Amino acid sequence: MKIKSMRLSVLEIVKWILVGLLVAFLVHSFTGNRISKAGFDTVWGAVTADADMSKMQEGSNQMIRRLYGLDLAQYDGIRLYYPKTNMGAEEILLVKMKDTNDQEAVKKAMESRKKTQMNNFNGYGTYQYGMLEKSVISIRGNYALFASAENAAEIVQAFGNAL
Numbered sequence: 619m620k621i622k623s624m625r626l627s628v629l630e631i632v633k634w635i636l637v638g639l640l641v642a643f644l645v646h647s648f649t650g651n652r653i654s655k656a657g658f659d660t661v662w663g664a665v666t667a668d669a670d671m672s673k674m675q676e677g678s679n680q681m682i683r684r685l686y687g688l689d690l691a692q693y694d695g696i697r698l699y700y701p702k703t704n705m706g707a708e709e710i711l712l713v714k715m716k717d718t719n720d721q722e723a724v725k726k727a728m729e730s731r732k733k734t735q736m737n738n739f740n741g742y743g744t745y746q747y748g749m750l751e752k753s754v755i756s757i758r759g760n761y762a763l764f765a766s767a768e769n770a771a772e773i774v775q776a777f778g779n780a781l
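What follows is the structure, encoded as structure tokens:
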């Protein structure tokens with residue numbers, strides 16, 4: 619009787635693990651690489667609505683290439699605001715990709731920039747370093763966002779809502 623009972627409980631556990639994996643797969647499938655039809659300017663407006671843009675300046679195409687190594691011709695939209703001074707860590711980069719196959723390259727570019735900035739402030743810019751630690755990289759379908767700001771979590775929330 620105990621062996622039969624033990625087999626039943628093992629089967630129950632396996633069943634619930636499989637159900638959990640199926641749910642995780644479905645959630646990822648329907649949210650992870652979904653192409654957003656939201657316009658770039660609409661998403662940018664939502665992202666910057668609650669951001670303190672006074673500490674940042676708009677980055678030129680050349681600055682985007684220099685800081686991120688991204689070729690602007692590969693994307694449907696890209697906009698950068700970066701610190702006005704060398705002592706700032708506030709930064710927002712929004713990218714609309716033509717194809718979700720570019721997700722990994724964009725993510726690596728954002729991670730590289732974040733790492734560079736953290737190295738720059740490590741040891742003396744504790745406030746800026748802390749902000750960078752809390753910065754967020756969010757890739758959602760054909761959009762990617764890097765937000766380094768005091769309210770990065772709210773900026774990313776607005777980003778997700780705009781998509």
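In terms of our numbering, the sequence shown opens at residue 619 and continues consecutively. Here a beta-carbon is modelled for each residue, glycine too, at the ideal position from N, C-alpha and C. Quick caveat, the model's predicted, so the values are computed rather than measured.
Beta-carbon separation of Ile710 and Ala767 under 8 Å? For this step, residue 710 is matched to residue 92 along the sequence shown. For this step, residue 767 is matched to residue 149 along the sequence shown. Cβ atoms of Ile710 and Ala767: closer than 8 Å.
So, does the segment 717-729 touch the segment 755-763, judging by three or more C-beta pairs under 8 Å? yes
Once the 5 residues before and after Met677 are set aside, which same chain residues still bring their CB inside 6 Å of it? The count along the sequence shown starts at 1 and reaches residue 677 at position 59. A quick correction: the sequence has Gly, not Met, at residue 677. For Gly677, where only same-chain residues beyond five positions count, the Cβ hits under 6 Å are Leu698, Tyr700.
Please return the same chain residues whose Cβ sits closer than 6 Å to the Cβ of Phe764, not counting the five positions on each side in sequence. Against the sequence shown, residue 764 aligns to sequence position 146. Correct list, in chain order: Leu711, Met728, Ile755.
From which residue to which residue does the alpha helix (DSSP H) around Gly748 run? Position 130 of the sequence shown, counting from 1, holds the residue named residue 748. From DSSP, the alpha helix (DSSP H) with Gly748 extends over 744-751.
So what does Ser627 bridge to, in DSSP terms? Working through the sequence shown from its first residue, we reach residue 627 at position 9. According to DSSP, which records beta bridges pairwise, Ser627 is partnered with nothing at all.
Using only CA atoms, which one of Ala669, Asn769, Lys702, Gln692 lies nearest to Gln721? Stepping through the sequence shown from its first residue, residue 721 is reached at position 103. Closest by alpha carbon: Gln692.
Residue closest to Leu750, alpha-carbon to alpha-carbon, out of Gly759, Ala771, Tyr761, Ala762: Walking along the sequence shown from the start, residue 750 turns up at place 132. Leu750 has its Cα closest to that of Ala771, out of Gly759, Ala771, Tyr761, Ala762.
Just tell me which of Ser672, Val724, Met674 has its CA closest to the CA of Lys714. Translated into the one-based positions of the sequence shown, residue 714 becomes position 96. Lys714 has its Cα closest to that of Val724, out of Ser672, Val724, Met674.
Can you find the residues in the same chain that come closer than 8 Å, C-beta to C-beta, to Thr718, ignoring five residues on each side of it along the sequence? The residue you call residue 718 lines up with position 100 of the sequence shown. Within the same chain, Thr718 has close Cβ partners Asn651, Ile653, Gly759, Asn760.
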